Amino acid sequence: MTAPSFVWLTVFFALPTLLIFAIALKPADPLGGIGEGWTLDTLRTLSNPNYPAIVARTLRLSAATTALCLLLATPAGYHIARASARWRQILLLLMIVPFWTSFLIRVFAWKVLLHPEGPVKRLLLALGLASPDSLLLYNEGAVLLVMVYTYLPFAILPIYAAAEKFDFRLLEAARDLGARGFYAFIHVFLPGIRRALWTAVLMVFIPALGSYVIPDLLGGPTSEMIGNKIAQRAFADRNLPHASALSALLTLGVLAPMIWVLFLQRRRDRRPAAAEAAP
Amino acid sequence: MKRSRLPALTTLLLLVFFYLPIAVLIVNSFNASRFGGAWEGFTLDWYARLFRERSVWLAVRNTALIAVGATLASVILGTLAAFALHRFDTRLQRAHYLLMYAPLVVPDLLMGISLLLFFVAAGFRLGLFTVFLAHTTFCISYVAMVVLARLQDFDESLLEAARDLGADAWTATRRVLLPLLAPGIAAGGLLAFTLSIDDFVITFFVSGPGSTTLPVRIYSMIKHSRHLPMINALSAILMIVTFGAAWASRRIGERNAA
Amino acid sequence: MSGFLVFEDVAKHYGPIKAVDGCSLEVARGEFYSLLGPSGCGKTTLLRMVAGFEQPDRGRILLDGKDLSDLPPNRRKVNTIFQNYALFPHLTVYENIAFGLRVARRPAAEVRAEVDRMLALIQMEDQAHKRPDQISGGQKQRVAIARALINKPQVLLLDEPLAALDLKLRQRMLIELDLIHDEVGITFLYVTHDQGEAMSLSDHIAVMNAGKIEQIGTPTEIYEAPRTSFVAAFIGDTNFFEGTVRETLDGDYVRLAVEGLPDLVCFNDKRIPPGGRVYLSVRPEKLRITREPPTPDPRRNAIETTVEDVVYLGSHTRYWARIGEYRLAVQQQHSRYLLDEKPIVWKERAWVSWHADDGFMLEQYRESDEALMSLPPAEDAGEAAAKPEKRVW
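Chains as they are written, first to last, in the numbering used here: chain H, 7 to 285; chain G, 29 to 286; chain W, 913 to 1305.
1. Below 8 Å on C-beta distance, what does residue 131 of chain G contact in chain H?
2. According to DSSP, simplified to helix, strand and coil, what is residue 218 of chain H?
3. Using a beta-carbon distance below 8 Å, is residue 135 of chain G in contact with chain H?
4. Does the beta carbon of residue 1 of chain H sit closer than 8 Å to a beta carbon anywhere in chain G?
5. Which residues in chain G have a C-beta closer than 8 Å to the C-beta of residue 248 of chain H? List them in chain order.
6. Mind checking residue 116 of chain G: buried by the 16 CB within 10 Å criterion, or exposed?
7. Could you pull out every residue in the same chain whose Cβ sits closer than 7 Å to the Cβ of residue 1112 of chain W, ignoring the five residues on either side in sequence?
8. Under 8 Å Cβ to Cβ from residue 136 of chain H, same chain only, skipping five residues before and after it: list those, please.
9. Per the DSSP calculation, residue 122 of chain G is bridged to which residue(s)?
10. Just to check my reading of the structure: residue 159 of chain G and residue 241 of chain G have Cβ atoms closer than 8 Å, yes? What is that Cβ distance to the nearest angstrom?
11. If you scan the segment 72-144 of chain H from start to end, which runs of the alpha helix (DSSP H) of 4 or more residues do you find wholly inside it?
12. So, is residue 129 of chain G buried or exposed, given that buried needs 16 or more other C-beta atoms within 10 angstroms?
13. Tell me which residues share the same chain as residue 66 of chain G and place their Cβ nearer than 6 Å to its Cβ, disregarding the 5 neighbours each side in the sequence.
14. Smallest Cα separation from residue 1152 of chain W: which of W/1274, W/1065, W/927?
15. Given a threshold of 16 other Cβ atoms within 10 Å of its Cβ, counted over all protein chains shown, does residue 1279 of chain W qualify as buried or as exposed?
16. So, using beta-carbon positions, are residue 1177 of chain W and residue 1167 of chain W closer together than 8 Å?
17. Name the DSSP beta bridge partners of residue 1124 of chain W, please?
18. Bridge partners for residue 1179 of chain W per DSSP, in chain order?
19. What are the residues in the segment 190-208 of chain H lying within 9 Å of chain W by C-beta distance?
20. Counting only runs of 4+ residues fully inside the segment 160-225 of chain H, write out the alpha helix (DSSP H) ranges in chain order.
21. Using 8 Å as the cut-off, can you tell me whether the segment 46-59 of chain H makes contact with the segment 188-197 of chain G, which would need three or more C-beta pairs spanning the two stretches below that distance?
22. Which stretch, first to last residue, makes up the alpha helix (DSSP H) that contains residue 1099 of chain W?
23. Would residue 185 of chain H pass as an interface residue toward chain W - the criterion being a Cβ-Cβ separation below 8 Å?
24. So if I threshold CB-CB distances at 9 Å, which residues from the segment 1223-1249 of chain W count as touching chain H?
25. Whose C-alpha, out of G/87, G/90, G/57, is nearest the C-alpha of residue 76 of chain G?
26. Using beta carbons (cut-off 8 Å, strictly below), is residue 179 of chain H in contact with chain W?
27. If you draw a straight line from the alpha carbon of residue 1075 of chain W to that of residue 189 of chain H, how long is it in whole angstroms?
28. With DSSP run on the structure shown, which of helix, strand or coil describes residue 70 of chain G?
29. Would you kindly report the start and end of the unbroken beta strand (DSSP E) that includes residue 228 of chain H?
30. Would residue 153 of chain H count as contacting chain G if we go by Cβ distances under 8 Å?
31. Using 8 Å for Cβ pairs, my map puts residue 143 of chain G next to residue 253 of chain H. What's the rounded Cβ distance?
32. Answer yes or no: do residue 1055 of chain W and residue 996 of chain W have a C-beta to C-beta separation smaller than 8 Å?
33. Can you tell me whether DSSP reads residue 953 of chain W as helix, strand or coil?
34. By a C-beta neighbour count over all protein chains shown, 10 Å radius and 16 as the cutoff for buried, is residue 1041 of chain W buried or exposed?
35. Based on Cα-Cα distance, which residue from W/1049, W/1247, W/1198 lies nearest to residue 1270 of chain W?
36. DSSP three-state call for residue 1016 of chain W: helix, strand or coil?
Structure, rendered in structure tokens:
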């Protein structure tokens, strides 16, 4: 029973992932293929002076997306979890339904919304918040906004799931012992859903690092992320080894936070047993 | 005890944030204006033009072919994998689980580029077949996880009861386990189907000439923005189809739960 | 009674449901006061209004002469022991107890000294660094008490604090609670559905039913002189007879006409005039059951019955005796049980008798009494109440 899926995933997932690192050590072939022999030249191209800025921007945008998603998802998850059973169902459904539509279409919808002649621009003009030549699209702000839009459900769902299991009497206990509402929220609620917060960080930060479509369609040349460079090297330049080297870098960038969070959680687990152990 | 209104306000704000772009898109699909900034009158013209666009129909056909193929393959492979993961607890299965779990977290960009490298290195010709292979690969994990969750809820004593009543292992599986697991397998299949239909990034990397799927077609329409209002119309249609499918699957789910 | 904690006509509705329907009561400083009633009677809502988790729709709650209404929970000098203790799972025992002082930003040295003092009080110095999921139910209870007491509240609110414990532990904690109350000398407001807990701990008990207070009194008053049929049936166990006062006998006693039974004599403390419709309530342990008719006595009622059931319970035996439509519960203590010639058995004829002073009359006649009357007395109320409630988290 194991064999078919195991072999399939080894061939089409594990092997290709390792290939990223192998091909980064291959020379390019002028026809767009992979050259013969081994070389370190491809890795040297990573010292391209544009790259540090792009890597920094990728990290910055991903971190900002993660922070904003958590900031919005935590109060929302809390609110949904505290609502009556009926409202909980309705709100949760309302939160998920927009994300049943195609990802590309959602990105496109924002392009329409932020278009120089689109509704948001007109509204801002009417309110005197924008000048006729201010541009809402093709900048980091637009990329960040739509990244938050895209990845919010990945933060809301784990946070809601944990909040729903949270014993809200603990907040009453904190109030009873003299804590103000906000203090109780920070010192009792957030530690109570700590695991879910870490899950949300991973669920948002990792795909955010690999963003490609959003900066491609809504960003300009000054808001490119590492994903754009990978695609450019692969399609525009037909330099697969170079794309591969960049991908290897991204893979390491993706693995690092995962290992870090796993390490944090394991350290916590080794301390006093989890709450489930209680009678 | 008075509760802060901030969480409720955030929730409301998010709902507006989530629905605004979609609502504007649908309204604009009936707007005679090219850029949708202002209402310039009702029209069905964009829909009419869309239906005359041959390339869109071709893309729909490709998308459907691949979705059906990848769903069938991934349901078989994923269900078998879930059984193996559930039944055995060996070092091999732990590696198997890791292999199953990793595609869920790896960004699709990385999966796309790695598959592209693999297909190029292995000398595959990019086309419908490579897209099918790629889609099956990421769908297996989703199907396996959904079915595995169902299996973990499954009451093992039901199988023991069946054996006790004289069924052999195969009969017990076929007459008791599979019927009870069917909704889980169906849910996994539905998930695989929608993921396959919706995938752009991976498809973009591994598709070749003649294997353009609908998302890839939409992408190039967006890129070459001559077709903008037509995409509105296409989006509106797709949304109605997905909402309808989602609603139907919920109804099926409810009927099974009842 | 000096009113330290005063409820003035407090009411709270949830939609059409009247959770608390006009309750007034006064709790004296330093006393152990219980709110006793079945689940859903409004006792917990009343407690939560003192804590500040709920706002009354009507009426006021005064603590030491000051109206609590506009104070949020964190500014009230009251602390709560929650039903499941609500210990913070992410904090150690030590940090749980320190929570109130940390919130108040007290200096570190003071926090340490106070927490150590509390740990000593609850005898858990060596458990300070464990987390709530690593200690037993009884220990959790003690941590919850220490956590609440460290804030030096004016009133300690206890919401069914023993409900989650098993019988043995409950009995031990009952004694500990009593000792702690004596030691700290603050006012305890205790909510419970368990009459045994309320009886053994309280200075005063308010019995509640359907959002209203049925009776306030000391445990003895509540048990021996219930004012309503609800109180009589809820506290302990009782037999009811439905009858009419036929005539007054030399002032203090009356003769009751009860359908299907000979006339009954009863002490008439409520001065009910002839013609009044009443319930006569007699507790099972006040009844005697004998094979021979008792010596005639004008102050003693005797009825010949058929024994329908006999349940031997070790310390006593419970009999069910039938006369007409009445099925009487009789509880007989054992003395010289094995030496007695022959115990009364099933289907035997036997005499049930009691002294006129041991019955009490209840005048009230309400719809809800009808339902109460149709219920047979519990098989054994003591046993039933002792069963720990199962909780599903």
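For each residue, glycine too, the CB sits at the ideal point set by N, CA and C.
Keep in mind the model is a prediction, meaning the values are calculated, not measured.
Per the coordinate set shown:
1. In the second sequence, counting from the first residue as 1, residue 131 of chain G sits at position 103. The answer, in chain order, is 15, 19.
2. Mapped onto the first sequence, residue 218 of chain H falls at position 212. DSSP places residue 218 of chain H in coil when its eight states are reduced to three.
3. Locating residue 135 of chain G in the second sequence gives position 107, counting from the first residue. It does: the Cβ of residue 135 of chain G has a partner Cβ on chain H nearer than 8 Å.
4. Any question about residue 1 of chain H goes unanswered here, given that chain H covers just 7 to 285.
5. By 1-based counting over the first sequence, the position of residue 248 of chain H is 242. Correct list: empty, because the minimum Cβ distance to chain G is about 11 Å.
6. By 1-based counting over the second sequence, the position of residue 116 of chain G is 88. Flag for residue 116 of chain G reads exposed.
7. Numbered from its first residue, the third sequence carries residue 1112 of chain W at position 200. Result list for residue 1112 of chain W: 1086, in chain order.
8. Here residue 136 of chain H refers to the residue found at position 130 of the first sequence. Hits under 8 Å: 127, 130, 142.
9. Position 94 of the second sequence, counting from 1, holds the residue named residue 122 of chain G. Note: residue 122 of chain G sits in no beta bridge, so no partner.
10. Reading the second sequence from its first residue, position 131 is the one you call residue 159 of chain G. Reading the second sequence from its first residue, position 213 is the one you call residue 241 of chain G. Contact between residue 159 of chain G and residue 241 of chain G is confirmed by a C-beta separation of about 7 Å, below the 8 Å threshold.
11. 91-102, 109-120, 125-133
12. Here the question's residue 129 of chain G lines up with position 101 in the second sequence. Result: exposed.
13. If you number the second sequence from 1, residue 66 of chain G lands on position 38. Closer than 6 Å at the Cβ level, and outside the excluded window around residue 66 of chain G, lies no residue.
14. In the third sequence, residue 1152 of chain W corresponds to position 240, counting from 1. Ranking W/1274, W/1065, W/927 by Cα distance to residue 1152 of chain W puts W/1274 first.
15. Indexing the third sequence from 1 puts residue 1279 of chain W at position 367. In this predicted model, residue 1279 of chain W has a pLDDT of only 49, less than 50, meaning its place in the structure is not dependable; the value taken from the coordinates is given anyway. Exposed, since its Cβ has fewer than 16 Cβ neighbours within 10 Å.
16. Sequence index remark: in the third sequence, residue 1177 of chain W carries index 265 (1-based). Sequence index remark: in the third sequence, residue 1167 of chain W carries index 255 (1-based). Result yes, Cβ atoms of residue 1177 of chain W and residue 1167 of chain W sit closer than 8 Å.
17. In the third sequence, the residue the question calls residue 1124 of chain W occupies position 212. Looking at the DSSP assignment, residue 1124 of chain W forms a beta bridge with W/1121.
18. Here residue 1179 of chain W is taken as the residue at index 267 of the third sequence, counted from 1. According to DSSP, residue 1179 of chain W bridges with W/1165.
19. 190, 193, 194, 197, 198, 200
20. Correct list: 175-182, 187-190, 200-215, 219-224.
21. Verdict: no, contact absent.
22. Position 187 of the third sequence, counting from 1, holds the residue named residue 1099 of chain W. Residue 1099 of chain W -> not in any alpha helix (DSSP H); beta strand (DSSP E) instead, spanning 1099-1104.
23. To locate residue 185 of chain H, count along the first sequence from 1; it is residue 179. It does: the Cβ of residue 185 of chain H has a partner Cβ on chain W nearer than 8 Å.
24. none
25. Stepping through the second sequence from its first residue, residue 76 of chain G is reached at position 48. Minimum Cα-Cα distance from residue 76 of chain G among the listed residues G/87, G/90, G/57 corresponds to G/57.
26. As a first step, residue 179 of chain H must be located in the first sequence, where it is residue number 173. Answer yes: the Cβ-Cβ gap between residue 179 of chain H and chain W drops below 8 Å somewhere.
27. As a working note, residue 1075 of chain W is residue 163 in the third sequence. As a working note, residue 189 of chain H is residue 183 in the first sequence. Cα-Cα distance, rounded: 30 Å.
28. The residue labelled residue 70 of chain G in the question sits at position 42 within the second sequence. Residue 70 of chain G: strand per DSSP, three-state reduction.
29. Along the first sequence, read from residue 1 onward, the residue named residue 228 of chain H stands at position 222. Taken as a continuous stretch (DSSP letters only), residue 228 of chain H belongs to no beta strand (DSSP E), as it is neither H nor E.
30. Indexing the first sequence from 1 puts residue 153 of chain H at position 147. No, no contact with chain G.
31. Reading the second sequence from its first residue, position 115 is the one you call residue 143 of chain G. Reading the first sequence from its first residue, position 247 is the one you call residue 253 of chain H. Not quite, the Cβ-Cβ distance comes to about 11 Å (not below 8 Å), so this is no contact.
32. Taking the third sequence and counting its residues from 1, the one referred to as residue 1055 of chain W is at position 143. Taking the third sequence and counting its residues from 1, the one referred to as residue 996 of chain W is at position 84. No, Cβ-Cβ distance for residue 1055 of chain W and residue 996 of chain W is not below 8 Å.
33. Within the third sequence, the letter at position 41 stands for residue 953 of chain W. Residue state for residue 953 of chain W is assigned as coil, using DSSP reduced to three classes.
34. Start at 1 with the first residue of the third sequence, and residue 1041 of chain W comes out as number 129. Residue 1041 of chain W comes out exposed.
35. Stepping through the third sequence from its first residue, residue 1270 of chain W is reached at position 358. The shortest Cα separation from residue 1270 of chain W among W/1049, W/1247, W/1198 belongs to W/1198.
36. Here residue 1016 of chain W corresponds to residue number 104 of the third sequence, with the count starting at 1. Residue 1016 of chain W falls in the coil class under three-state DSSP.
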